[in-house]
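First residue of the sequence shown: 7, per our numbering; consecutive thereafter. Even for Gly, the Cβ is constructed at its ideal location relative to N, Cα and C. One structure is given here, and the rest of the page talks about it.
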Amino acid sequence: MAHAGHQLHAHPHQYTHARAHVPPHAHAATPTPRQIERRWLANVATVVVPGVLAHRLLRPSHRIGRPDTLMGNLNRVRAWLGLVIVLAVFLRALYKESTHISAQQAGPGTKPRGSQVVAELVSALVRRMVLLPMYGIVGILLIGCLLVICARPQLRALTLRQLIYPVRAVGLFLVVPVLGIALAWGCRKGAGLGSNTNTLRTDGTAAQLALSWVSMVTALWVFGFALVAIWQVARHLFSAADGHPMLPALMAVWLAWTFTLTDLFVKTDNPVFAGSDIVPDTVKAAVGVGGSVIITALSIWEIRRLGRWNGITLRSGPWGSRTPA
């Protein structure tokens with residue numbers, strides 16, 4: 007049962023206690039064979055299926071509290087808007103094809119249009135996988151400092167300690183793809199492919215053929231992890247709810263506007279940022295600025311609701327009017 011201050015409200019509170027009281031003898035119970043089997047299957051699925059691993063690593067554990075149904079639905083809306091802003095660079099592939107297709111067709115060795123679009127989308131996905139942890143860790147550090155400084159002196163240590171969970175999520179979001187790409191590239195080198203554009207070897211030793219297959223499977227695994235991870239970040243914002251109830255709303259505003267301003271104003275040949283000048287400014291403004299304004303409005307409403315029903319403010323620390331479980 008959630009508490010907000012010392013009064014009992016008829017309306018549902020946004021956050022309820024994360025864990026109910028468990029009797030001491032419940033932890034000593036021996037797991038049944040079926041439970042052990044399910045646990046092993048879950049561990050195998052975590053390693054084999056990239057989406058399962060992304061879900062387990064980047065989803066919050068609700069250490070502070072669990073949001074109600076209404077807030078969960080609004081967070082999904084905000085996640086889709088954020089995903090549109092984060093991946094709005096995909097539009098450049100369509101504009102690139104429509105404005106430069108005649109010149110590309112004139113050149114020798116031009117790839118088919120479908121291959122060019124797929125290559126552009128994959129390139130955009132890689133760029134976003136690089137930018138998300140960069141913007142994420144900067145946002146968590148800046149917003150975390152704000153939350154710690156504004157909290158009451160006796161709550162600052164507790165507020166700082168909770169922020170370790172979203173920082174860890176950012177690290178996992180970055181480390182897993184880096185390790186996967188390193189493994190795939192090492193296998194390609196071992197297979198003798200290196201910078202060759204071929205995906206698999208058709209000749210060579212048995213070890214080289216096996217390494218080429220391992221490289222391809224690993225690359226596909228990393229790509230699948232990236233797709234699910236970006237959605238998990240858009241939905242849960244690096245497990246921000248485990249750090250502070252106000253952190254998801256503030257992080258949503260930060261990521262929306264940083265990506266929007268990047269696409270609007272950063273003009274460079276750097277492969278991480280390049281290409282944003284292909285999409286017309288009117289389209290970028292409609293997608294980026296419009297979506298960011300809506301996300302900001304939803305976040306302000308969420309912050310006001312947290313203060314009204316749970317007493318969670320910049321001064322209150324992560325638990326607001328409640329005592330940590």
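Close beta carbons around residue i, own chain, < 6 Å, minus the five adjacent residues each side
i, result
"A247", "P66, P254"
"L169", "G150, G249"
"E308", "A255"
"L161", "G323"
"V58", "A51, T52"
"L89", "A240"
Residue burial classification, residue i (beta-carbon count within 10 angstroms, cutoff 16)
i, result
"P251", "buried"
"R241", "buried"
"V53", "exposed"
"G303", "The question names Gly, yet the displayed sequence has Ala at residue 303. Result: exposed."
"P73", "buried"
"A51", "exposed"
"A85", "buried"
"T165", "buried"
"L148", "exposed"
"I351", "Outside the modelled stretch of the chain, which goes from 7 to 331, sits residue 351, for which no answer is possible."
8 Å contact criterion, which residue i and residue j should meet: CB distance rounded
i, j, result
"V234", "I187", "Not confirmed; about 16 Å, so no contact."
"A190", "L217", "With a Cβ gap of about 10 Å, A190 and L217 do not count as contacting."
"V239", "F179", "7 Å"
"L47", "L153", "Incorrect: roughly 39 Å between the Cβ atoms, too far for contact."
Nearest residue (CA-CA) to residue i, options the options
i, options, result
"N81", "F265, I70, T319, W237", "W237"
"L215", "C193, L226, V55, D74", "C193"
"Y171", "S305, L64, Q41", "L64"
"A258", "M77, A225, T288, S298", "S298"
"P324", "G78, R84, R158", "R158"
"G78", "A212, S305, Q41", "S305"
"G296", "W263, W315, R314", "W263"
"T268", "R40, R133, P39", "R133"
"P139", "R167, A163, G177, T165", "G177"
"L185", "G317, V289, T224", "T224"
"V144", "G71, R62, W260", "W260"
"L312", "G71, A60, P39", "G71"
"V181", "A212, K195, A60", "A60"
Beta-carbon spacing of residue i, residue j below 8 Å
i, j, result
"F244", "A175", "yes"
"I155", "V173", "no"
"I300", "L87", "yes"
Beta-carbon proximity list for residue i, same chain, < 7 Å, skipping 5 on both sides
i, result
"Q56", "Note on identity: in this sequence residue 56 is Pro, with Gln being the wrong assignment. Once the five neighbours on either side are set aside, the close Cβ partners of P56 are W227, G230, F231, V234."
Close beta carbons around residue i, own chain, < 8 Å, minus the five adjacent residues each side
i, result
"P37", "R45"
"R62", "T52"
"W219", "L206"
Test: residue i CB closer than 8 Å to a CB of chain C
i, result
"A216", "The structure shown contains no chain C; it holds only a single protein chain."
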